[in-house]
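Only one structure is covered here, and it is reproduced in the block below.
Residue numbers (the working numbering): 135 to 475.
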């Protein structure tokens, strides 16, 4: 029972990370295409600046939960996907550094260099996370000892790349909507228009990815066995469709909430289909890394659950306060603060 509880928490932590960090990864990816001036770039940096490091708490928590609750899965994942995870880590570091270094000097070359780092550090994690999760959904080549038998390029198969493109589009749409929430004038119009355009691409890729998933994976098996789980894909699909209506109505906050629900639904759809596997083996199902053969001791899981029940609500309460306090539309005065980016 504890293993199942932690599997659900593991999935929820990843869903929370994608929902929150997804929008600032999306804004960073859009920056070269949406920002027409230095002022636009500053608005975009400040639209995500107060939130991005808090959002990444969920990535650290999800990674920590994997390590502590399912150490075998953590070891297999870092052994097999070492190159991809290292690349992801470097990209996230590069993005984080840009917030601090970009404003240290005034030269255009200096700022352009960090803008480039910020774009790469936003686009690459979105792509890699999608590639990684799509490969996990389909199964990765791990043998009976948990040793990865593929290479980094084995991950760049058509299904993995399609998952990467889907994640990029989800985050870009999510980010454009957040930018619309935080801005006014031309930048607001460009952000909302971009969200409407990328939504169409997102819908098309999502349909293709779903069809590919039906053929390429066995994720639907749990949903046919336990029909009540169908509420998860139903939320994912309905929120995607409702998002469009809110965008057309100019209700960017409602559209962003629908986008957040869609990202959570997509993530939990994959997690629900995986259960009880954490890392399916594409070589032999007997080599699967599951919650049963990868979990920590019951005592460890109990202690972790107690800590999570205390700390997670505190983190949620703090982040809710931050979003309510700093979620207003940016003004010129906001850019003049000493702490502004």
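Cβ atoms here follow ideal geometry from the backbone N, Cα and C, with glycine treated the same way.
Along the chain, where does the beta strand (DSSP E) that runs through residue 229 open and close?
Counting from 1 along the chain shown, the entry for residue 229 is found at position 95. It is not in any beta strand (DSSP E) - residue 229 instead sits in the alpha helix (DSSP H) that spans 216 to 235.
Pull up the DSSP beta-bridge partners for residue 378, would you.
Against the chain shown, residue 378 aligns to sequence position 244. Answer is none; residue 378 lacks a bridge partner.
Taking only the alpha-carbon atoms, compute the straight-line gap between residue 253 and residue 242 and give it to the nearest angstrom.
Within the chain shown, residue 253 is the residue found at index 119, counting from 1. Within the chain shown, residue 242 is the residue found at index 108, counting from 1. Their backbone Cα atoms lie some 16 Å apart in a straight line.
Tell whether a beta-carbon distance below 7 Å holds between residue 163 and residue 257.
Against the chain shown, residue 163 aligns to sequence position 29. Against the chain shown, residue 257 aligns to sequence position 123. In contact: residue 163 and residue 257 (Cβ atoms closer than 7 Å).
List in chain order: all unbroken beta strand (DSSP E) runs of 3+ residues lying wholly within the segment 407 to 451.
Qualifying beta strand (DSSP E) stretches, in chain order: 411 to 413.
Cβ of residue 315 within 7 Å of Cβ of residue 416?
As a position in the chain shown, residue 315 is number 181, starting the count at 1. As a position in the chain shown, residue 416 is number 282, starting the count at 1. The answer is no: Cβ separation not under 7 Å.
Residue range of the alpha helix (DSSP H) that residue 311 falls in?
Sequence index remark: in the chain shown, residue 311 carries index 177 (1-based). First-last of the alpha helix (DSSP H) with residue 311: 292 to 316.
Round the Cβ separation of residue 449 and residue 191 to the nearest angstrom and send it over; I've been treating them as touching at under 8 Å.
Locating residue 449 in the chain shown gives position 315, where the first residue counts as 1. Locating residue 191 in the chain shown gives position 57, where the first residue counts as 1. Beta-carbon to beta-carbon, residue 449 and residue 191 are separated by about 6 Å, close enough to satisfy the 8 Å threshold.
As assigned by DSSP and simplified to three states, the class of residue 471
Start at 1 with the first residue of the chain shown, and residue 471 comes out as number 337. In this structure, DSSP gives residue 471 a state outside helix and strand, which the three-state scheme calls coil.
Look at the Cβ atom of residue 298, then the Cβ atom of residue 161, and state whether they are nearer than 7 Å.
As a working mapping, residue 298 is identified with position 164 in the chain shown. As a working mapping, residue 161 is identified with position 27 in the chain shown. Not in contact: residue 298 and residue 161 (Cβ atoms no closer than 7 Å).
Backbone CA spacing between residue 224 and residue 382 [nearest angstrom]:
The residue labelled residue 224 in the question sits at position 90 within the chain shown. The residue labelled residue 382 in the question sits at position 248 within the chain shown. Looking at the two C-alpha atoms, the distance is approximately 38 Å.
Hey, residue 136 and residue 432: beta-carbon distance below 7 Å or not?
Here residue 136 refers to the residue found at position 2 of the chain shown. Here residue 432 refers to the residue found at position 298 of the chain shown. Yes, they are a contact pair.
Hey, out of 260, 276, 346 and 333, whose CA is closest to residue 392's CA?
Position 258 of the chain shown, counted from the start, is the residue given in the question as residue 392. Between residue 392 and the set 260, 276, 346 and 333, the nearest pair of CA atoms involves 333.
Buried or exposed: which applies to residue 208, given that a residue is buried once 16 or more other Cβ atoms fall within 10 Å of its Cβ?
Taking the first residue of the chain shown as 1, we reach residue 208 at position 74. Burial call: buried.
Option in 324, 407, 400 and 301 with minimal Cα separation from residue 353:
The residue given as residue 353 occupies position 219 in the chain shown. Comparing Cα-Cα distances from residue 353 to each of 324, 407, 400 and 301, the minimum goes to 407.
8 Å contact criterion, which residue 429 and residue 199 should meet: CB distance rounded:
Counted from its first residue, the chain shown places residue 429 at position 295. Counted from its first residue, the chain shown places residue 199 at position 65. For a cut-off of 8 Å, the C-beta gap from residue 429 to residue 199 is around 11 Å, too long to register as a contact.
Terminal residues of the continuous alpha helix (DSSP H) containing residue 346?
Position 212 of the chain shown, counted from the start, is the residue given in the question as residue 346. Segment 319 to 350, the alpha helix (DSSP H) holding residue 346.
Would the beta-carbon of residue 296 fall within 7 Å of that of residue 348?
Position 162 of the chain shown, counted from the first residue, corresponds to residue 296. Position 214 of the chain shown, counted from the first residue, corresponds to residue 348. The answer is no: Cβ separation not under 7 Å.
Compute the Euclidean distance between the alpha carbons of residue 230 and residue 179, then round it to the nearest angstrom.
As a first step, residue 230 is located in the chain shown; it is residue number 96 there, counting from the start. As a first step, residue 179 is located in the chain shown; it is residue number 45 there, counting from the start. Rounded to whole angstroms, residue 230 to residue 179 spans 11 Å at the Cα level.
In angstroms, rounded to a whole number, what distance separates the CA positions of residue 467 and residue 184?
Position 333 of the chain shown, counted from the start, is the residue given in the question as residue 467. Position 50 of the chain shown, counted from the start, is the residue given in the question as residue 184. Using only the alpha carbons, I get a separation of about 15 Å.
Taking a contact to mean a Cβ-Cβ separation below 7 Å, would you say residue 394 touches residue 377 in this structure?
In the chain shown, residue 394 corresponds to position 260, counting from 1. In the chain shown, residue 377 corresponds to position 243, counting from 1. No. Outside cutoff.
Need the endpoints of the alpha helix (DSSP H) that residue 249 sits in, please.
In the chain shown, the residue the question calls residue 249 occupies position 115. Bounds of the alpha helix (DSSP H) holding residue 249 are 242 to 272.
To the nearest angstrom, how far is it from the Cα of residue 188 to the Cα of residue 456?
Here residue 188 refers to the residue found at position 54 when the chain shown is read from its first residue. Here residue 456 refers to the residue found at position 322 when the chain shown is read from its first residue. Using only the alpha carbons, I get a separation of about 9 Å.
Of the residues 331, 365 and 167, which one's Cα is nearest the Cα of residue 396?
Counting from 1 along the chain shown, the entry for residue 396 is found at position 262. Nearest neighbour of residue 396 by Cα position, chosen from 331, 365 and 167, turns out to be 365.
Cβ pair residue 464, residue 282 closer than 7 Å:
In the chain shown, residue 464 corresponds to position 330, counting from 1. In the chain shown, residue 282 corresponds to position 148, counting from 1. The answer is no: Cβ separation not under 7 Å.
Cα-Cα separation between residue 193 and residue 262, rounded to whole angstroms:
What you label residue 193 is simply residue 59 of the chain shown in a count that begins at 1. What you label residue 262 is simply residue 128 of the chain shown in a count that begins at 1. Cα-Cα distance, rounded: 14 Å.
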